[in-house]
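Residue numbers (this note's numbering): 19 to 178. First the structure, in the form of structure tokens, and then the observations on it.
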């Protein structure tokens, strides 16, 4: 038995398990390093398991059971934050998208009003006998006529 292992057996903090681990992993590398540095006596004071090897290192974890996720309103910015505030106030459909807008009379003197907070909006008209929408750009002020003869005009609404 080498002098390093015999010294470890004599020290009060050395265990047989440590000695067997050192001999299995190769006493040459660890023992030579400790002999060079003169750390045989310090080995017990610092904790034997620290020098045993990488396989016995402890893994530190932080408990997440006491943590809470932040509120969406704190993280949200811009228009999404305004939408969340409107939903909190009770407006479940701030963009009016739950039901599609139906055409009104659509005559020149009584056009279908399309709500918009801006000076222009793209509108699609599903004409009779056609399954695809005819898209047109509505400008603020004058009514716009579709190919089918239906009239649309912009109605000013407040922005969200």
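We treat Cβ as the ideally placed atom computed from N, Cα and C, and that holds for glycine.
Put simply, the backbone Cα of residue 94 is about 21 angstroms away from that of residue 115.
Beta-bridge partners of residue 130 (DSSP): 170. For residue 165, no beta strand (DSSP E) run applies, since DSSP gives it neither H nor E. When the five nearest sequence neighbours on each side are left out, the beta carbons in the same chain lying within less than 7 angstroms of the beta carbon of residue 158 are those of 137, 138 and 172, in order along the chain. Residue 141 has 154 as its beta-bridge partners, per DSSP. Per DSSP, reduced to three states, the secondary structure at residue 123 is coil, with no helix or strand assignment. Per DSSP, residue 106 is one residue of the alpha helix (DSSP H) stretching across 96–107. DSSP places residue 111 in the coil class of the three-state scheme, outside both helix and strand. A Cβ-Cβ contact shorter than 8 angstroms links residue 129 with residue 161.
Cβ contact annotation for residue 142 (same chain, cutoff 6 angstroms, sequence separation greater than five): 151 and 153, in chain order.
Residue 105 is not a Cβ neighbour of residue 168, given a cutoff of 8 angstroms.
DSSP places residue 91 in the helix class (H, G or I) of the three-state scheme. Burial is judged here by how many other beta carbons sit within 10 angstroms of a residue's own beta carbon; residue 98 has fewer than 16 and is exposed. In summary, residue 164 is buried, with 16 or more beta-carbon neighbours lying within 10 Å of its beta-carbon over all protein chains present.
A direct Cα-to-Cα measurement between residue 156 and residue 170 gives close to 8 angstroms.
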